[in-house]
Structures are given as structure tokens and as C-alpha cells.
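J.: Be aware that the sequence shown starts at 6, since it is given in this note's numbering, and climbs by one per residue. Every residue gets a Cβ at the ideal spot worked out from N, C-alpha and C, and that includes glycine.
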Amino acid sequence: MKKKLLFLFFLVVLGLSFFLMAYYTKETAPILGYGTIEAREIHLGSKIGGRVSKVLHREGDTIEANEAIFELDARELMAQKSEALATLASAEANLRELLAGYRPELIEKAQAQVEEQKEYMKKLQAGPMSEEIQAQEARMKSAQADLQHAKKTYERVLGQVEQKIFPEQEKDNALRTLNMAQEHYYAEKKNHELLLAGTRVEDIAIAAARLAQAQAEWKRLKAGPRKEEMERAEALLEEIKSRIDRLKIQIEECYIKSPIKGQIEVFDLEAGDILAAGRTAATIIKPNDLWVKIYIREYELHRVSLSQEVAVIAEQSRNQEVRSVFLKLLFSCFSPATEKKAFAGRIVHIASQAEFTPRNVQTTQERGNQVFAVKVEILDAQKLRPGMSVMVQEKKE
């Protein structure tokens, strides 16, 4: 009886062994190549750079589309924007004033200046009046009398100082008074001579130029704004608006946002760090948008085509919990610790030009001189991660 049971057990084990061998050595689909899973990456940064003011997310965080990751200090740009807005208001007011024409009070003021310059011109052309000459002559004679009195006073004080009656300081005071009286007399005498000679030609020419300038300004105001002035004011207004738009874009660059929903893969900035303009600050990946690139030699290109469905094979560990020591030993002999799981894939790109096989890529055959890159999009990316090594096979019919 024992021999029968032992024989029966041997038959069961033998049958199970053949079944496992047949299961794991069954024919598989032809292999197209090997590669490493990659994810679509977006490298975020700022075109202007600056100091990091606020960090809103960390590495590994899932982020929504148009959500900010960190912010740069925008206070200086905001101040420039406020200044530009004030300049814009002034330019708009100036343009409105030009469109409405010059105010009547400005025209009246310009006309009054013309009349004033005309009267001054007439006065210069007529020359000094006899009353002015007589008055100037009287001022000259008064200055001459003061000079004579100062001379006599100085001579008297000088004699008393020599006799030790007055101190030396009195002589200095008298000399200073004499000098002042002499300068005053010479000035009045020169003015009297100018009046006798009449108005100079140079003064008349200067007055005529001022009159012409006042008349030109009056005519300009009466005629209203010129076309050139309007165009210049409009151009200035557009320039200021463009400056404000540029500042708005620069301020927007201070808020670094993700354009897609994804996961932050690389990000190592802290508040207070300085970010250079154009430098990559964070890398965002799309976890569900994975692909793998394999390389196929020229004579194997007939095996692939665009939109062809393929199988992406990845190895995963088995969860085998067997208490029996014998069965564990049996499974270890005929069943590996990992199993191969297939994921749906589709060929989305085939290189049109051959290239040398990259050193870090293995092909199913020995390395050839040149190969063609084939990009495979993984349609079912669950449980797959970038960096995993996979095998691409033709899909079974």
C-alpha cells in the first residue's frame, strides 16, 4: 500500500513538473527590442530670474495644470508698473488736451506777451526821453557831490590821524566811504553817457528777436495742435502701453506655474534663493504618459509600422506564500521569483534616418553598425515607472 501511495505521489510530482516546464517554456511572441521607460518631462523656469519669495510645493507633489510651484519677488516690477501707469495717465491727459485744442487763456496770455514786446520795442526805437536824461543827469551830479564830500572828509580825517587825534581805524573807514562814492559816481556817469548816445543797435536786435518769438508762439496757439504733435503724443501713448504690457508679462514670469497636471520630479529651491534667468528650476513629469524607445536594424524594419500595436513586457515579483518546504523548493526550480506582465503599447514614431547603436541599449541580435529608433507609446501605464527596463514584443494574434 505504501509503495502504491509513493508511486502515485511520484506521478503527481512528475506531472506537475512537466506542466510547469511547459507553461514557462511555451512559445512567446518575437521580441522587437529592449529599452528603458521614459516619461514626458517639462522643464520649468523663469525668463527674468530673481529671488525666490515663496515655495508652494515640494518634490513628489502632484500638481494641477496652471498651479503655481513657487514665486519670485515681484515688488520692484510692481513699482515700475505703478510708475508706468501714472505716466500713462499723464500722456492720455496730454492727448485729450491736444484733441480739444489749446485753452483760451493760453492764447490770451501769448497775445499779451506780444503786445508787451511791441511796446518795449517802440520804446527802444524812440530812444530815451529828455526827462529821463535830465533825471539821470541829476543823479550823476548828486553822486559827484557825494564824491567831493567823501574826498574832503578823507583829507580831514587823514590830518587828524597824523596828529594822533583820531585812531588809524577812522582813516580806513573814510577811505572805504571814498571808494564807494567814487564807484557810484562813475556808474551814474556811464548811464548818463549811454542815454545821451541813444539806444544801441544790439539792444534793438535782441528786442526784435523776442518780439518775433512771441508772435510765433501766439500764432501756433491760435492755429491749434499740429498733425506732428498729435502723432508724437499718440506714439508716446502707445510706447507707454507697450511698456506696461511688458511689465505685466515680467510680473507673470514671477509666478512659475505648471502647464499640465503632473508630478514634480526635480525641485530643490528654497525661499531666499537666487534663480538665474532662463535656468531650469523644476521638472514636471506626466506619470500616465510613458514611452520607450527601442532600436531595430535595417533588415528588421519590415516588422514594424506606425500605429502598430505591440506588447511592453515588464518583470514583476511573484507573491508566493507556500508553507511546504518541498513545494517552495519545487517552485524555486520551475518557477522564477519574478513574472513577466504585458502592457499594451503602440508604435508612434519610426526614425527616417539611421544612427549608430547607443552603447547603453541592447538589441535582440548582436550590435549592428546602424539602427533605426522606434518610439513606443505605453497605453496602459499602471504600475509602470520611468527608468524601468522593459522588453517590446510583437503582439500575439
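For V271 and S312, I'd like the C-alpha separation in whole angstroms.
T.: 32 Å
J.: According to the neighbour-count rule (16 or more other Cβ atoms, all chains shown, within 10 Å of its Cβ), is H48 buried or exposed?
T.: exposed
J.: Which residue from Q149, D151, R181 and K146 puts its Cα closest to that of L163?
T.: R181
J.: Output yes or no for whether 9 Å exceeds the beta carbon distance between A105 and I256.
T.: no
J.: Since F348 and Y300 are thought to touch, with beta carbons under 8 Å apart, how far apart are those beta carbons, to the nearest angstrom?
T.: The pair is not a contact, with the Cβ atoms about 20 Å apart (cut-off 8 Å).
J.: Out of D294, C259, Q268 and A386, which has the shortest C-alpha to C-alpha gap to A281?
T.: C259
J.: Would you report the Cα separation of L183 and E173, rounded to the nearest angstrom?
T.: 16 Å
J.: Give the straight-line distance between the Cα atoms of V395 and L389, rounded to the nearest whole angstrom.
T.: 10 Å
J.: DSSP three-state call for L77: helix, strand or coil?
T.: strand
J.: Whose C-alpha, out of K380, I289, Q387 and E305, is nearest the C-alpha of T41?
T.: Nearest to T41 by C-alpha distance, out of K380, I289, Q387 and E305, is K380.
J.: Does DSSP put N71 in a helix, a strand or coil?
T.: coil
J.: Helix, strand or coil: how does DSSP classify A53 here?
T.: One point to set straight first is that residue 53 is Ile, not Ala, in the sequence displayed. Here I53 sits in coil by DSSP.
J.: Given a cut-off of 9 Å on the beta-carbon distance, is the pair N99 and Q141 in contact?
T.: Taking C-beta atoms as the reference points, N99 and Q141 fail to come closer than 9 Å.
J.: Are M185 and A150 close, meaning C-beta to C-beta below 9 Å?
T.: no
J.: Of the choices A287, A276, R101 and A91, whose alpha-carbon is the least far from that of I68?
T.: For the residues A287, A276, R101 and A91, the minimum Cα distance to I68 belongs to A287.
J.: For P230, does the three-state DSSP call read helix, strand or coil?
T.: It is coil, neither helix nor strand.
J.: If contact is defined by three or more beta carbon pairs under 8 Å, each pair taking one atom from either stretch, is the segment 48-59 in contact with the segment 75-94?
T.: yes
J.: Would you identify the three-state DSSP class for V309, choosing helix, strand or coil?
T.: coil
J.: Thinking C-beta only, is I74 closer than 9 Å to I261?
T.: yes
J.: Count the other C-beta atoms from every protein chain shown that fall within 10 angstroms of the C-beta of V315, then say buried if there are 16 or more, exposed otherwise.
T.: buried
J.: Expressed to the nearest angstrom, what Euclidean distance is found between the alpha-carbon atoms of R101 and T92?
T.: In a straight line, the C-alpha of R101 is about 14 Å away from that of T92.
J.: Kindly give me the distance between the Cβ atoms of N293 and A386, rounded to whole angstroms, as I take these residues to be in contact under 8 Å.
T.: 5 Å
J.: On the CB-based measure, 16 or more other CB atoms within 10 Å of its CB, does Y190 come out buried or exposed?
T.: Note on Y190: 16 or more other CB atoms within 10 angstroms of its CB, so buried under the neighbour-count rule.
J.: Around the C-beta of R403, are 16 or more other C-beta atoms found within 10 angstroms, so that it is buried, or is it exposed?
T.: Residue 403 is absent from the model: the chain starts at 6 and stops at 402.
J.: Which residues in the same chain have their Cβ closer than 8 Å to the Cβ of L252, if we skip the five residues on either side of it in sequence?
T.: Excluding five sequence positions before and after L252, the CB atoms of its chain that fall closer than 8 Å to its own CB belong to L82, Q85, K86 and A89, given in chain order.
J.: DSSP state of R284, grouped into three classes?
T.: coil
J.: Please tell me whether R308 and E399 are closer than 9 Å, where the distance is taken between their beta carbons.
T.: The answer is yes: Cβ separation under 9 Å.
J.: Pull up the distance between the alpha-carbon of D177 and that of Q168, whole angstroms please.
T.: 16 Å
J.: What does the alpha-carbon distance come out to for the pair Q165 and Q153?
T.: 19 Å
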